[in-house]
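Undergrad: Going by this note's numbering, the first residue of the sequence shown is number 24, and it counts up by one from there.
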Amino acid sequence: MSEETSTFESSNGHINNNGDCPEGSAKSKRESAQPSQKRSSRRKSQTPKSNEIATVTLGNNGPTVTALGMGTWAWGDKLFWDYGNSYGASQVEEAFKAAVRAGITFFDTAELYGMGESESLLGRFIKEVDCPINVATKYSPVPWRFSVESVSEAITASLNRLQVDRITLYQVHWSFNFLMSQETLMNALANEVQRGRIECVGVSNYSAEQMLEAHTLLARRNIPLAVNQVQYSLLNRKVETQGIINTARKFGITILAYSPLSQGLLTGKYTPDRTQIPNGARRIDPRFSFQGLYRITPVLNLLHQISEKYNKTPAQVALNWLTAQENVIPIPGAKNASQAQENAGALGWQLAPEDIVILEQATRPWL
Ligand SMILES: NC(=O)c1ccc[n+]([C@@H]2O[C@H](COP(=O)([O-])OP(=O)(O)OC[C@H]3O[C@@H](n4cnc5c(N)ncnc54)[C@H](OP(=O)(O)O)[C@@H]3O)[C@@H](O)[C@H]2O)c1
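1) Would you give the residue range spanned by the beta strand (DSSP E) that leucine 248 belongs to?
2) Ordered along the chain, which non-local residues of its own chain (more than five positions away) have a Cβ less than 8 Å from that of phenylalanine 201?
3) Counting C-beta neighbours from all protein chains within 10 Å, is the total for methionine 203 16 or more, i.e. buried, or is it exposed?
4) How would you label lysine 273, buried or exposed, when you count the other beta carbons within 10 angstroms and need 16 or more for buried?
5) Looking at the secondary structure, which residues open and close the alpha helix (DSSP H) in which leucine 225 lies?
6) Quick check: what's the CA-CA separation for alanine 237 versus tyrosine 333?
7) Would you mind stating whether valine 351 and leucine 342 have Cβ atoms separated by less than 8 Å?
8) Any idea what DSSP makes of tryptophan 372, helix, strand or coil?
9) Between which two residues does the alpha helix (DSSP H) carrying glutamine 233 extend?
10) For the beta strand (DSSP E) containing valine 187, name the first residue and the last one.
11) Please say whether proline 321 and glycine 315 have beta carbons closer to each other than 8 Å?
12) Decide if tyrosine 469 is buried, meaning its Cβ has at least 16 other Cβ atoms within 10 Å, or exposed.
13) Which word fits proline 376, buried or exposed, when buried means at least 16 other C-beta atoms lie within 10 angstroms of its C-beta?
14) Only counting the same chain, and skipping five residues up and downstream in sequence, which positions put a Cβ closer than 8 Å to that of arginine 297?
15) How close, in whole Å, do the beta carbons of tyrosine 106 and alanine 97 come, if the pair is a contact with beta carbons under 8 Å?
16) Please find out if some non-hydrogen atom of ligand 1 comes closer than 7 Å to the beta-carbon of aspartate 308.
17) Taking its Cβ as the centre, do 16 or more other Cβ atoms sit within 10 Å of lysine 101, making it buried, or is it exposed?
18) Kindly list the residues whose CB is nearer than 6 Å to the CB of leucine 279, restricted to its own chain and excluding five residues on each side of it in sequence; keep chain order.
19) Using only CA atoms, which one of Thr270, Gln217 and Ala177 lies nearest to arginine 244?
20) Hey, quick one: how far does the alpha helix (DSSP H) through phenylalanine 148 stretch, first residue to last?
21) Whether or not the region 77-97 and the region 117-133 are in contact is what I'm after, with contact meaning three or more pairs of Cβ atoms, one per stretch, closer than 8 Å; do they touch?
22) With H, G and I counted as helix, E and B as strand and the rest as coil, what does DSSP make of proline 333?
23) Taking the alpha carbon of asparagine 324 as the reference point, which residue from Phe311, Gly303, Ala347 and Thr294 has its own alpha carbon closest?
24) Sorted by chain position, which residues of the same chain lie with C-beta nearer than 6 Å to proline 247's C-beta, five sequence neighbours on each side aside?
25) Consult DSSP for tyrosine 293 and reduce its assignment to one of helix, strand or coil.
What follows is the structure, encoded as structure tokens:
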């Protein structure tokens, strides 16, 4: 279960305090945009030198990104996350800077998040740092997009909002075949790889069968499917029983684990006594009700117990458990600097094999 992704040394040695790039990772942006960017071949992750952060290769031969990314759905999203009330642009900017200071340079967004605002904010923040940032964004396959041109137009709009020439990873947000076949869509994405506007192709929320179909269609164009982004955490392990994890491993497709903290539940700050109530749509989510929180108490107790042993936090243990799974990159969301810094601290150490097993056994009801 645990393997290369967790075999690294300290990721904290290079943190500085001024919002600059971490030592050892700073390269010019132009360098990062070159197709010849250094890549590993078969290894899924590399063991870094003491001042470098652990990295993972996307897919079989895609770009190399940090072994933990950062999700930016909450950046600009008022509908679900309450952006603009309890937090805003300056807090998420600080989150970005704290992540970069801690060595995290892989950011996940989508054209849909905040109706483009997440991409725009990320684009603005990228301009403010000197080191290469890897951006993953997503295409929304909505019914009114039925022509190949609509894929190209969506990429142009994302590139403009992000203010970059190339997107590291371009993902299809969910599977939708009604008016545009997967074959047409994958061919349109393959064209964009050849054009150089996207570096590699991913999908999201695809079943094992849908993922295999995308892989097969892209393979005809000699392009590997790099990623399937799916919901995966200690409190949602369905991807293991649905054959997604095993199929991804077999075909060298990297799993990006979204909602890896179960939308905050695995931090341990939401408890049945409800001293802290989540903002936004989670207020009406049964997982955040008394019963929902009561049900997960044994898992949170275990996380607290294990985290004390390592002098870490429950969130860091929950994220480290994911990095210990073969070929999985967690992309926790953060709304402020302290959350970003804490989440980055999930790298640079490893859970002992017996603790990985204990957590696996305790969370089987969530398989
Ligand atoms: N492909 C898809 O369909 C899809 C779907 C969902 C998400 N995603 C991606 O995955 C990313 C992460 O998922 P997510 O945002 O749903 O859930 P998550 O990462 O499990 O949880 C994020 C939330 O937990 C809280 N939090 C995070 N770190 C914390 C810390 N260290 N201490 C205390 N609280 C902390 C914050 O909210 P509070 O402070 O308000 O509790 C934060 O907004 C998204 O940003 C997005 O990029 C993709």
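C-beta atoms are modelled at their ideal positions from N, C-alpha and C, and glycine is treated no differently.
TA: Walking through what the data contain:
1) Here residue 248 refers to the residue found at position 225 when the sequence shown is read from its first residue. In the DSSP annotation of this structure, the continuous segment of the beta strand (DSSP E) that includes leucine 248 starts and ends at 248-254.
2) The residue given as residue 201 occupies position 178 in the sequence shown. When the five nearest sequence neighbours on each side are left out, the beta carbons in the same chain lying within less than 8 Å of the beta carbon of phenylalanine 201 are those of Pro166, in order along the chain.
3) Along the sequence shown, one-based indexing puts residue 203 at 180. Flag for methionine 203 reads buried.
4) For the purposes of this step, residue 273 is taken as the residue at position 250 of the sequence shown. Lysine 273 comes out exposed.
5) One-based indexing of the sequence shown puts residue 225 at position 202. The amino acid at residue 225 is misidentified as leucine; the sequence shows glycine. Annotation for glycine 225: no alpha helix (DSSP H) segment contains it, though the beta strand (DSSP E) segment containing it runs 221-227.
6) Stepping through the sequence shown from its first residue, residue 237 is reached at position 214. Stepping through the sequence shown from its first residue, residue 333 is reached at position 310. C-alpha separation (whole angstroms): 41 Å.
7) If you number the sequence shown from 1, residue 351 lands on position 328. If you number the sequence shown from 1, residue 342 lands on position 319. Cβ atoms of valine 351 and leucine 342: not closer than 8 Å.
8) As a working mapping, residue 372 is identified with position 349 in the sequence shown. The answer is coil: DSSP assigns tryptophan 372 none of H, G, I, E or B.
9) Position 210 of the sequence shown, counted from the start, is the residue given in the question as residue 233. Residues 231-242.
10) Counting from 1 along the sequence shown, the entry for residue 187 is found at position 164. Valine 187 -> no beta strand (DSSP E), and no H or E assigned at all.
11) Your numbering for residue 315 matches position 292 in the sequence shown. Your numbering for residue 321 matches position 298 in the sequence shown. Their beta carbons are not under 8 Å apart, which means glycine 315 does not touch proline 321 by this criterion.
12) Any answer about residue 469 is impossible in this case: the structure gives the chain only from 24 up to 390.
13) For the purposes of this step, residue 376 is identified with residue 353 of the sequence shown, where counting begins at 1. Flag for proline 376 reads exposed.
14) In the sequence shown, counting from the first residue as 1, residue 297 sits at position 274. Same-chain partners within the cutoff: Phe313 and Leu316.
15) Along the sequence shown, one-based indexing puts residue 106 at 83. Along the sequence shown, one-based indexing puts residue 97 at 74. Contact holds; Cβ gap of about 6 Å.
16) Taking the sequence shown and counting its residues from 1, one reaches residue 308 at position 285. Checking every heavy atom of ligand 1 against the Cβ of aspartate 308, none is found closer than 7 Å.
17) Walking along the sequence shown from the start, residue 101 turns up at place 78. Result: exposed.
18) Locating residue 279 in the sequence shown gives position 256, where the first residue counts as 1. Contacts found: Val250, Gln252, Ile352 and Ile354.
19) Locating residue 244 in the sequence shown gives position 221, counting from the first residue. The option with the nearest alpha carbon to arginine 244 is Gln217.
20) On the sequence shown, residue 148 is found 125 positions in, with the first residue counted as 1. Run containing phenylalanine 148: 140-150, per the alpha helix (DSSP H) assignment.
21) Yes, the region 117-133 is in contact with the region 77-97.
22) Translated into the one-based positions of the sequence shown, residue 333 becomes position 310. The sequence as given places tyrosine at residue 333; proline does not occur at that position. For tyrosine 333, the three-state secondary structure derived from DSSP is helix.
23) Along the sequence shown, one-based indexing puts residue 324 at 301. Ranked by Cα distance from asparagine 324, the options Phe311, Gly303, Ala347 and Thr294 are led by Thr294.
24) Position 224 of the sequence shown, counted from the start, is the residue given in the question as residue 247. If the five residues before and after proline 247 are omitted, its C-beta is found closer than 6 Å to the C-beta atoms of Gly82 and Asn83, all from its own chain and listed in chain order.
25) To locate residue 293, count along the sequence shown from 1; it is residue 270. Reduced to three states, the DSSP call for tyrosine 293 is coil.
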